[in-house]
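Below: the structure, in structure tokens.
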Amino acid sequence: MTTTSKLPSISLKVLALYVDWQLKTKHIPKSLRYSMGIRIETILATMIESIASAYYSEPHLRTELIMSAITKNDTLKFMFYALFELKGLDQNTFLSLSQKVEEVGKMLYGWKNQIKKQNHQFK
Numbered sequence: 062m063t064t065t066s067k068l069p070s071i072s073l074k075v076l077a078l079y080v081d082w083q084l085k086t087k088h089i090p091k092s093l094r095y096s097m098g099i100r101i102e103t104i105l106a107t108m109i110e111s112i113a114s115a116y117y118s119e120p121h122l123r124t125e126l127i128m129s130a131i132t133k134n135d136t137l138k139f140m141f142y143a144l145f146e147l148k149g150l151d152q153n154t155f156l157s158l159s160q161k162v163e164e165v166g167k168m169l170y171g172w173k174n175q176i177k178k179q180n181h182q183f184k
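Per this note's numbering, the sequence shown starts with residue 62, numbered consecutively.
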């Protein structure tokens, strides 16, 4: 795991969420795996893209990209809950994924607030 240790901590959390999701998808019923499962996969990919873009972007562009990642993360929370309600996830899997999504959300909001704070200092 030497290559991932150079990633920002939020990237490591998202990576853990993505790996956990990938390990769980084979247990989702086919009808849900190829509908909601693909949608969740897409949301995860775009969230990862937003986080990477924010990390490497100019400071004045970061807030918008972080807000996009926050929106994707909130959508993931809902999608996991819907999948749980449709009996596509068992309770332990749902709780595991939800906990990781919650951790990512806290980090994203913390990052957003840090940038907001920095912007106020420079004005």
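We put the CB at the ideal spot given by N, CA and C, even for glycine.
Is the beta carbon of residue j closer than 8 Å to that of residue i?
i	j	result
Val80	Val165	no
Ile104	Met128	no
Leu78	Lys161	yes
Tell me which same chain residues have a C-beta within less than 6 Å of the C-beta of residue i, skipping the five on either side of it?
i	result
Asn180	none
Taking only three categories from DSSP, how would you classify residue i?
i	result
Leu147	coil
Pro69	coil
Lys87	coil
Glu102	helix
Ser118	coil
Met62	A caution first: Met62 carries a pLDDT of 43, below 50, which makes its placement in the model unreliable, though a value can still be read off. The answer is coil: DSSP assigns Met62 none of H, G, I, E or B.
Closer than 8 Å by C-beta to residue i: which residues in its own chain qualify, once you throw out the five before and the five after it? Chain order, please.
i	result
Met168	Ser70, Ile71 and Lys74
His121	none
Tyr170	Ile131
Ser159	Lys138, Phe141 and Tyr142
Considering only C-alpha positions, which residue in the set the options is nearest to residue i?
i	options	result
Tyr95	Ser114, Pro120 and Leu144	Leu144
Glu163	Ile112, Asp135 and Lys91	Asp135
Pro90	Gly98, Gln83 and Leu84	Gly98
Lys85	Asp151, Gly171 and Asn174	Asp151
Ser92	Ser159, Leu147 and Gly171	Leu147
Gln83	Asn174, Lys177, Trp172 and Ser157	Ser157
Ile101	Gly149, Ser114, Lys178 and Thr124	Gly149
Lys178	Ile112, Ser111, Thr124 and Thr107	Thr124
His88	Phe155, Ile176, Trp172 and Ile109	Phe155
Given residue i, which residues of its chain have a CB within under 7 Å of its CB, disregarding the five upstream and five downstream residues?
i	result
Tyr116	Pro69
Leu126	Ser111, Ser114, Ala115 and Ser118
At a cut-off of 7 Å, is residue i close to the ligand FAD when judged by its beta-carbon and the heavy atoms of the ligand?
i	result
Lys167	The model on display carries no ligand, and the ligand FAD is accordingly not part of it.
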